[in-house]
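Here is the structure we will look at.
Numbering (the working numbering), first residue to last: 434 to 721.
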């Protein structure tokens with residue numbers, strides 16, 4: 434059964450911009466490392482690399498966004514709201530969107546029953562609202578791995594969009610989900626490993642060992658080429674998936690800032706995920 438509405442192809446972005454760009458940050462702290470290694474005990478060096486995010490990286494990310502005068506979307510687990518309230522409040526104060534990213538960043542857990550996930554959402558939504566002043570309207574499940582019930586559940590809870598690694602349809606344009614042949618007001622803004630920082634910058638000494646940091650010029654070339662290619666097509670979006678503990682290093686955030694400036698000068702509409710979802714829904718005449 435067809436479950437998506439192919440409404441992204443042929444879209445015209447605001448002010449005749451060539452591509453919608455979303456700068457998204459998964460603010461996981463050391464939950465990124467813990468989740469990646471299945472909850473095993475981490476050596477201090479690996480945990481410390483995760484904690485670099487709230488200690489240093491998040492501030493560089495926020496400073497870069499302020500300097501470039503662009504908005505971003507931060508996907509924040511509930512437990513991070515509890516542990517790092519000051520940092521999450523700084524995200525809100527910077528005018529950025531805060532979206533749902535699970536309560537725990539548990540990527541390797543068995544499929545979570547829907548009732549357990551509903552409880553996770555209720556808890557995390559309350560935490561985000563206590564800091565941001567409003568409930569989240571976007572969802573990126575930990576690791577981007579959706580469950581069969583994910584879209585229906587976020588629709589039930591009034592969310593506007595999903596931003597996943599494993600959507601029902603993977604493509605470079607935004608689409609609206611369908612149920613029983615009718616559109617529902619949920620947009621997919623999917624991600625891809627090529628346009629996230631994890632494959633290029635994640636490093637660990639815990640088993641299994643990862644030693645993959647790439648040169649910043651190499652990473653920028655990949656991301657900029659992908660941006661240029663989508664600009665040529667003109668009806669696509671680019672969702673960069675970033676982590677403050679990885680991209681927040683001094684040289685890397687400088688590279689990202691330069692790339693953002695380039696995109697601004699070459700046809701990008703840089704917006705939050707919510708803004709893009711709202712535009713796609715309105716453009717296609719889909720209402721709640």
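Every residue, glycine too, gets a C-beta built ideally from N, C-alpha and C.
Under 8 Å Cβ to Cβ from residue 568, same chain only, skipping five residues before and after it: list those, please.
Here the set comprises 558, 561, 562 and 591.
Just the Cα atoms here: how many angstroms apart are residue 711 and residue 615?
If I take the Cα positions, the gap works out to 18 Å.
What number of angstroms, rounded off, separates the C-alpha of residue 714 from the C-alpha of residue 703?
Their backbone Cα atoms lie some 17 Å apart in a straight line.
List the endpoints of the continuous beta strand (DSSP E) containing residue 716.
Where residue 716 is concerned, there is no enclosing beta strand (DSSP E), although the alpha helix (DSSP H) it sits in stretches over 706 to 716.
Taking the alpha carbon of residue 679 as the reference point, which residue from 587, 637, 453 and 574 has its own alpha carbon closest?
Taking only the C-alpha atoms, the option nearest residue 679 is 637.
Find out if the Cβ-Cβ distance for the pair residue 629, residue 673 is shorter than 9 Å.
The answer is yes: Cβ separation under 9 Å.
Say whether the segment 685 to 700 touches the segment 493 to 504, bearing in mind that this needs 3 or more beta-carbon pairs closer than 8 Å, one atom from each stretch.
Because the criterion of three Cβ pairs below 8 Å is met, the segment 685 to 700 and the segment 493 to 504 touch.
With DSSP collapsed to three states, give me the class of residue 435.
Below a pLDDT of 50, predicted positions are generally treated as unreliable, and residue 435, at 42, falls in that range; no measurement from the model is reported.
How far does the alpha helix (DSSP H) with residue 687 in it extend, from its first residue to its last?
683 to 698 is the span of the alpha helix (DSSP H), which, as asked, contains residue 687.
Which residue from 564, 605, 610 and 625 puts its Cα closest to that of residue 444?
Cα-wise, what sits closest to residue 444 is 605.
Looking only at C-alpha atoms, which of 581, 608, 582 and 456 sits nearest to residue 531?
It is 456 whose Cα lies nearest to the Cα of residue 531.
Taking the continuous beta strand (DSSP E) assigned at residue 532, which residues delimit it?
Taken as a continuous stretch (DSSP letters only), the beta strand (DSSP E) holding residue 532 covers 530 to 533.
Counting only runs of 4+ residues fully inside the segment 484 to 542, write out the alpha helix (DSSP H) ranges in chain order.
Counting whole runs of 4 or more residues, the segment 484 to 542 contains the alpha helix (DSSP H) stretches 491 to 501, 511 to 516 and 518 to 526.
Under 7 Å Cβ to Cβ from residue 618, same chain only, skipping five residues before and after it: list those, please.
Excluding residues within five positions, the ones whose Cβ falls inside 7 Å are 593, 714, 719, 720 and 721.
Rounded to a whole number of angstroms, what is the C-alpha to C-alpha distance between residue 624 and residue 717?
Approximately 22 Å, taken between the alpha carbons.
Specify the secondary structure class of residue 598 as computed by DSSP and reduced to three states.
Residue 598: coil per DSSP, three-state reduction.
Excluding five sequence neighbours on each side, which residues of the same chain lie with their C-beta closer than 7 Å to the C-beta of residue 520?
The residues are 487 and 491.
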